[in-house]
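As you go down the protein sequences, you meet chains A and B in turn. Just so we're aligned, residue 2 is where the first sequence starts under the numbering used here, counting upward by one. Just so we're aligned, residue 2 is where the second sequence starts under the numbering used here, counting upward by one. For each residue, glycine too, the CB sits at the ideal point set by N, CA and C. Quick caveat, the model's predicted, so the values are computed rather than measured. Notes to accompany the following structure.
Number of protein chains: 2
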Amino acid sequence: MMLVNGRRQCFLDAADRAVSYGDGLFETIAVVRSRPALWEAHLARLRLGCQRLGLPTPELDLLDSDARALLDGVDAGVLKIVYTAGSSGRGFRRGACSPTRILSVSPLPEYPRAWWQEGVDVRWCALRLAQQPRLAGLKHLNRLEQVLARAEWSDPRVAEGVLLDQNECVIEGTMTNLFVLVGEQLFTPMLDEAGVRGVMRGRVLELAAELGIPCSEVRLSRAQMLEADEVFLTNSVIGVWPVCRLEGHSVPQRTLARRLQARLQADEHVAVWV
Amino acid sequence: MMLVNGRRQCFLDAADRAVSYGDGLFETIAVVRSRPALWEAHLARLRLGCQRLGLPTPELDLLDSDARALLDGVDAGVLKIVYTAGSSGRGFRRGACSPTRILSVSPLPEYPRAWWQEGVDVRWCALRLAQQPRLAGLKHLNRLEQVLARAEWSDPRVAEGVLLDQNECVIEGTMTNLFVLVGEQLFTPMLDEAGVRGVMRGRVLELAAELGIPCSEVRLSRAQMLEADEVFLTNSVIGVWPVCRLEGHSVPQRTLARRLQARLQADEHVAVWV
């Protein structure tokens, strides 16, 4: 099911700047009991992204009414918003911009329950993320790096690949953010040069603070990750996955990932009950 | 006028991976007397891009018949090919890939004739291109850097902005490649870490060799560009523009840009007669 500028259709002007240049942003949102989880946080990130890309501010009441129309009767699933610079002629210059909003809903992806309960296998990606401060943190539509990184493996037992930047700093997974616990301290990569500032990452930072666990954004090395007491991944659809194996090596597990899962479920911020 | 997978339509499946991730490539081609100029070179670059991105090889006979259908009766203009990974569900993984080809034709852009004859004003862009060897050289659909760079100026007298990478090496213009003549030697930036390997850039390299002018790909500094005896820009639509001013400073002009223009016109490789 899809709405394009509020109309029930599944096609788009082929001259849209999303097609030509990836000129736009997106949000991926868990649907819990017919409601978009962490809706305000997703809209806030979309608004911030528009400011940074110079796009007109999205009309929040239209996004809200589109979402309501789409989610009527949908108990659980994934709501996606694509917000583009709209159609234009050839050329990188935007000119007068009339954005396109595309909202769609799809079923929850079917991952094994063990990935929440026992943890996931992850691997290192060979691709190194480019550093571009002007785009870092944004969930923009230029995603060829993630497409190429995700094409590096096909083993369905490997849940995620971890990406480093060109300075060999750990940044994120192809579709997740990443946290490491060292002793009683939580760390997550700085995303000022590369990476996506995930909404679930933000929620986990808040929850860690509520639990009294100090958390800092750091330049994280591969070695630091290998020495961690616990590693977990986050995104808005999965919530939190503990990591149990990294490139074949066991990763220790404590209880933080499971505590965060419980809290996210209690708050109805995730769609998968585990 | 537009053909999507050979059908006369102007819309696209909104679930196409070009929309979601910029997962594809494009070509911009001058139309000269109803024929696509440097057609073989454009197809070769598209093919190479598909190999590097892991996309199926385009069916050249279909591109050829689409182009013939579109260009019938079009004396001069711009033919654009967008070649995408096709539609898919959510997720970076491509799965079985059924590419989409979009061919469209538009009028030639209306630039002042003086830009060919007397040269263009250019400026330095503030944005620094990210370095990503996996994507360098390709004319892919992830173009937010160019969109942001082009938004840096609105003065219509400034024809182009010059982009540097994060190491302060000169790479290209937002829509052009760049050459500098120093004495009797021609230089153009290496594009192994950033930039688009333009088809017209390739043709100019060939022409320089034919004219007996040695040309090398180098790491080019801003200072070297400021000390050049001649600077010019190239792309498939404009051919060659001499640069006469750079950020307000005069740039010397010799005759190479004009000689190349004459040669490209004689070969019918450009659509603008100057």
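- For G50/A, the enclosing alpha helix (DSSP H) starts and ends at 40–54.
- In this structure, A150/B places its C-beta atom within 8 Å of the C-beta atom of L128/B.
- With respect to the C-alpha of E194/A, the residue from M176/A, A131/A, L4/A, E111/A having the closest C-alpha is A131/A.
- Under the 8 Å criterion on CB atoms, K81/A is classed as interfacial with respect to chain B.
- DSSP places E207/B in the uninterrupted alpha helix (DSSP H) bounded by 200–211.
- Counting other Cβ atoms within 10 Å of its Cβ, W274/A stays below 16 and is therefore classed as exposed.
- With a threshold of 16 other beta carbon atoms within 10 Å, N143/B meets it and is buried.
- Interface annotation, M201/A: not in contact with chain B, CB-CB separation never under 8 Å.
- Selection C98/A, P37/A, C126/A evaluated against A152/B yields C98/A as nearest (Cα-Cα).
- G23/B reaches chain A at G23, L142, N143, R144, L145, counting residues in chain order whose Cβ is nearer than 7 Å.
- Taking C-beta separations shorter than 6 Å and ignoring five residues to either side along the sequence, the partners of Q147/B in its chain run T175, following chain order.
- At the C-beta level, F12/A and D14/B come within 8 Å of one another.
- Secondary structure at L187/A: strand, using DSSP grouped into helix, strand and coil.
- When the beta-carbon positions are compared, V123/B and G162/B come within less than 8 Å of each other.
- A31/B and V79/B do touch by the CB rule: their CB atoms are close to 7 Å apart, below 8 Å.
- Near chain A, meaning a CB-to-CB distance below 7 Å, the residues of the stretch 117–135 of chain B are L128, A131, Q132, Q133, R135.
- With a threshold of 8 Å between beta carbons, Q167/B makes contact with chain A.
- Of all residues in the stretch 151–184 of chain B, only R151, A152, Q167, T175, M176 place a beta-carbon less than 7 Å from a beta-carbon of chain A.
- Of the candidates T101/B, I82/B, K81/B, the residue whose Cα lies closest to the Cα of S88/B is T101/B.
- Take the alpha-carbon of A224/B and the one of G249/B: they are about 15 Å apart.
- When the five nearest sequence neighbours on each side are left out, the beta carbons in the same chain lying within less than 8 Å of the beta carbon of P59/B are those of L44, L47, R48, C51, Y84, P100, R102, in order along the chain.
- Chain order gives the chain A residues near G55/B as A152, where near means a beta carbon separation below 7 Å.
- Restricting attention to R8/A, P110/A, A86/A, C126/A, the CA atom closest to the CA of T29/A is found in P110/A.
- Closer than 7 Å at the C-beta level to chain A, one finds these residues of the stretch 86–112 of chain B: G90, R91, F93, R94, R95, I103, S107.
- Against chain B, the CB of D230/A has no partner CB under 8 Å away; the residue lies outside that interface.
- Shown in chain order are the members of the stretch 6–20 of chain A whose Cβ falls below 9 Å from a Cβ of chain B: Q10, C11, F12, L13, D14, A15, A16, D17, R18, A19, V20.
- Taking CB atoms only, V148/A has a neighbour in chain B less than 8 Å away.
- When Cβ pairs closer than 8 Å are counted between the two stretches, the stretch 56–73 of chain B is seen not to touch the stretch 170–189 of chain A, the count staying below three.
- Burial state of A115/A is exposed, judged by a 10 Å Cβ sphere holding fewer than 16 other Cβ atoms.
- Secondary structure at E231/A: strand, using DSSP grouped into helix, strand and coil.
- In this structure, A86/B and R18/B form a Cβ contact; the two beta carbons are roughly 4 Å apart against a cut-off of 8 Å.
- In the same chain as P215/A, and ignoring 5 residues on each side of it, the C-beta atoms closer than 6 Å to its own belong to Q186, in chain order.
- Not flagged as an interface residue toward chain B: M191/A, since no C-beta distance is shorter than 8 Å.
- DSSP places D62/B within a helical segment (H, G or I) once states are collapsed to three.
- Secondary structure of E173/A (DSSP, three-state): strand.
- One finds A15, A16 in chain B with Cβ atoms closer than 9 Å to the Cβ of M3/A, taken in chain order.
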